[in-house]
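*Asks:* Mature numbering (1 follows the signal peptide of the UniProt record, and there is no 0) puts the sequence shown at residues -28 to -1, 1 to 413.
Virtual Cβ for every residue (Gly too), placed ideally from N, Cα, C.
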Amino acid sequence: MRGEGREGGLAAAAMAALILTAPAAALASPQDVLGYGARTQAMGATGAAVAEGYEAVYGNPALLSATHERRLTVGMTSAIFDLRAEPASGGANAALGRLPYGPLRGGVIGATLPIPFGGFLKDRVTLGLGFFTPFDIVVRGRILDPERPQFLMADRVQSVAVQVGLGVDIGHGIRIGGGFAALAALSGSVLVATDASGRVGTVVENSLVASYAPVIGASYERGPWRFGATFRGELVGRFNVVITVRDLGAITVPPLNISGIAQYDPLQLALEAARTVGPFRLALGATYKRWSGYPGPNEATVRCPETDPDSGEPFSKPCDPLVPLDPGYSDTVVVRAGVEHSHALSRSVTTKLRGGAFFEPSPAPAQTGEANLFDSHRLALTLGYGLSAGPVDLDLFGQAHLLLPRSHDKVADVPASNPGAPSVETSGVIIAGGLTAGVAF
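Below is the structure:
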């Protein structure tokens, strides 16, 4: 009976850990994949020099200061994924084919609020808020066996995005701004122990802890041209559930860390130049992403303690835990371009046609080892339409992302049972779209 109790306690601990680490409660930024705001999403996901209104909380907080009206915007965004991993030899493999990823459907809320200062600061300071919330989940943070064929990107968009920014016009064509993106991480514990009656039980506790990354921007205007720069800090959605087993007699179990990184946005620097005056507007830019800092989704389950639990002194005993391999990601530069043409139908009604494109190289190396964490270079074509009628704005956008075909040839020592052996070719398509409606008041 006692042995059955121990097994039941350990099983309960494992089940609790799975519950805590399945869609982990964390916030992230799907705008890193799709952009943010229907207008800039239609213009090649630009924004460092052309963002307007609430979109500037992500594109460039400095440009919030160009908005002098209170405006509330609501809308929705959706995306579908057709991501494939096929045997390069053309053979059959039950683990390959179209990989199962559900669609993204979420709501967008944005707001701008000019701060009514007087004197020099009159009409110079504006606060902006931006939110994206999936309809069916808070976040999807799946940490799967690295040998299982998967695209990490598909889950990155399945999360809530929260951003706040403040822009200031300091004159002479110079604007500055700053804000933050917020992310929640999960910290939890599972205690397995024997109670006074000799039965094994579990105690599960978890809590959300906030994680933040700065967003800082600046712009300079000269004539019809504007130049913008935006810095975004590294944003990490980490979860860590520690399973501690005590008082089980001869059974000794080290603390187990069920942990990993569910969401990750690298440090970024976006530079952009744009023509912002007249009916025809153009934006060209590039975004540097420091993907070399990405540690990978998995973290060590068993770790060396910092202090000896028996003596309280710094731990000095032999310890050689299994450490996940470095994923070997590389820094990338994303190139973007966007255009917008406005046509006035009357004094109060204006239509806008938009288009753009961007190319994002993959930071991930070819999967030549046992891991099958796939990624590909991505070419996106974007388009959109806008209608302004007095205080009301309506914006629509569509995007088609082509994941360029890529071959992954396994090295000779990878076992034949690996789903990606001996070679696999990946490709895919992402179709995204949405609309927003805003009103000034």
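1. Can you give me the start and stop residues for the alpha helix (DSSP H) that GLY47 sits inside?
2. Please return the same chain residues whose Cβ sits closer than 6 angstroms to the Cβ of THR216, not counting the five positions on each side in sequence.
3. Which whole runs of the beta strand (DSSP E) in the segment 229 to 269 are 3 residues long or more, in chain order?
4. With distances taken between CB atoms, is the gap from THR18 to GLY300 smaller than 8 angstroms?
5. State the beta-bridge partners of ASP167 as determined by DSSP.
6. On the premise that ALA182 lies in contact with ASP209, defined as a C-beta separation below 8 angstroms, what is that separation, rounded to the nearest angstrom?
7. Which residues does DSSP list as the beta-bridge partners of ASP381?
8. Taking GLY78 as part of the beta strand (DSSP E), name the residues at either end of that continuous run.
9. Would you identify the three-state DSSP class for ALA10, choosing helix, strand or coil?
10. Using only CA atoms, which one of TYR260, GLU397 and ALA412 lies nearest to SER61?
11. Sorted by chain position, which residues of the same chain lie with C-beta nearer than 6 angstroms to GLY358's C-beta, five sequence neighbours on each side aside?
12. May I ask which residues mark the beginning and end of the beta strand (DSSP E) holding GLY358?
13. Taking 8 angstroms as the threshold (C-beta atoms), are PHE123 and ASP303 in contact?
14. Please confirm whether HIS380 has its beta-carbon closer than 8 angstroms to some beta-carbon of chain B.
15. By how many angstroms is the C-alpha of SER334 removed from the C-alpha of TRP263?
16. Hey, TYR192 and PHE152: beta-carbon distance below 8 angstroms or not?
17. GLY328 lies in the beta strand (DSSP E); which residues open and close that run?
18. Reducing DSSP to helix, strand and coil, say where ALA(-1) ends up.
19. CB-CB under 6 angstroms to THR322, same chain, minus the five flanking residues each way: which ones, in chain order?
20. Please classify TYR73: does DSSP put it in a helix, a strand, or coil?
21. If you run the structure through DSSP and keep just helix, strand and coil, what is GLY91?
22. How close, in whole Å, do the beta carbons of PRO238 and SER131 come, if the pair is a contact with beta carbons under 8 angstroms?
23. Would you mind sorting GLU177 into buried or exposed? The rule is 16 or more other CB atoms within 10 Å of its CB.
24. Considering Cα atoms alone, identify which of LEU220, ILE230, ALA28 and ARG247 is closest to LEU138.
25. Could you give the first and the last residue of the continuous alpha helix (DSSP H) run that contains ALA28?
26. Counting along the chain, where does the beta strand (DSSP E) carrying PHE104 start and finish?
27. Check VAL5 in the structure and name its three-state DSSP category.
28. Do LEU71 and ASP121 come within 8 angstroms of each other at the CB atom, strictly closer than that value?
29. Taking the C-alpha atoms as reference points, what is the distance between ASP141 and GLU41?
30. Hey, THR45 and GLY31 are a contact pair by Cβ (cut 8 angstroms); roughly how many whole angstroms apart?
31. Where do the N-terminal and C-terminal ends of the beta strand (DSSP E) with VAL140 fall, by residue?
32. Could you check the C-alpha separation between ALA21 and SER159 for me, to the nearest Å?
33. Skipping 5 residues on each side, what residues in its chain have a beta carbon closer than 6 angstroms to that of GLY(-24)?
34. Which of the three DSSP states is assigned to SER37 in this structure?
35. Just verifying my parser: in three-state terms, what is the DSSP assignment at ALA23?
36. Excluding five sequence neighbours on each side, which residues of the same chain lie with their C-beta closer than 7 angstroms to the C-beta of LYS382?
*Replies:* So, to answer that:
1. It is not in any alpha helix (DSSP H) - GLY47 instead sits in the beta strand (DSSP E) that spans 43 to 59.
2. Shown here for THR216: same chain residues with a beta carbon closer than 6 angstroms to its own, the five before and five after excluded, namely LEU163 and PRO227 in chain order.
3. You should have 240 to 247 and 252 to 261.
4. In this structure, GLY300 does not lie closer than 8 angstroms to THR18 by Cβ.
5. Residue pairing for ASP167: DSSP places it in no beta bridge.
6. What sits at residue 209 in the sequence shown is Gly, not Asp. So it is not a contact: roughly 11 angstroms between Cβ atoms.
7. Paired residues: SER395.
8. Start and end: 76 to 86.
9. In the structure shown, ALA10 sits in a helix (DSSP, three-state: H, G or I).
10. Out of TYR260, GLU397 and ALA412, GLU397 has the C-alpha closest to the C-alpha of SER61.
11. Spatial neighbours of GLY358 in its own chain (CB-CB distance under 6 angstroms, excluding positions within 5 residues in sequence) are listed in chain order as LYS324 and ASP367.
12. Counting along the chain, the beta strand (DSSP E) containing GLY358 begins and ends at 350 to 361.
13. No; because the gap between Cβ atoms is not below 8 angstroms, this pair is not in contact.
14. Protein chain content of the structure displayed is limited to a single chain, and chain B is not contained in it.
15. Taking the straight line from one Cα to the other gives about 10 angstroms.
16. The answer is no: Cβ separation not under 8 angstroms.
17. Segment 321 to 332, the beta strand (DSSP E) holding GLY328.
18. A caution first: ALA(-1) carries a pLDDT of 40, below 50, which makes its placement in the model unreliable, though a value can still be read off. ALA(-1): coil per DSSP, three-state reduction.
19. Apart from sequence neighbours up to five positions away, the residues of its chain that approach THR322 with a beta-carbon distance below 6 angstroms are SER314, ALA316 and SER360, ordered along the chain.
20. Here TYR73 sits in coil by DSSP.
21. Residue state, collapsed to three classes: helix.
22. Contact flag wrong, Cβ pair sits at about 16 angstroms.
23. The residue is exposed, with fewer than 16 neighbouring Cβ atoms inside 10 Å.
24. Across the set LEU220, ILE230, ALA28 and ARG247, the C-alpha of ALA28 shows the shortest separation from the C-alpha of LEU138.
25. From DSSP, the alpha helix (DSSP H) with ALA28 extends over 28 to 31.
26. Following the DSSP letters along the chain, one finds PHE104 inside the beta strand (DSSP E) bounded by residues 97 to 106.
27. When secondary structure is reduced to three states using DSSP, VAL5 falls in the helix class.
28. The sequence as given places Pro at residue 121; Asp does not occur at that position. For PRO121 and LEU71, yes; Cβs fall inside 8 angstroms.
29. Rounded to whole angstroms, the separation of the alpha carbons of GLU41 and ASP141 is 15 angstroms.
30. At roughly 14 angstroms, the Cβ-Cβ gap does not stay under 8 angstroms, so THR45 and GLY31 are not in contact.
31. For VAL140, the enclosing beta strand (DSSP E) has its first and last residue at 133 to 143.
32. Their backbone Cα atoms lie some 38 angstroms apart in a straight line.
33. Low per-residue confidence applies at GLY(-24): pLDDT is 45, beneath 50, and the placement is therefore not dependable, though the value from the model is reported in the following sentence. Hits under 6 angstroms: ARG171 and VAL172.
34. SER37 falls in the helix class under three-state DSSP.
35. Here ALA23 sits in coil by DSSP.
36. The beta carbon of LYS382 sits closer than 7 angstroms to the beta carbons of THR340, ASN390, GLY392, ALA393, PRO394 and SER395 from its chain, once the five residues preceding and following it are set aside; these are given in chain order.
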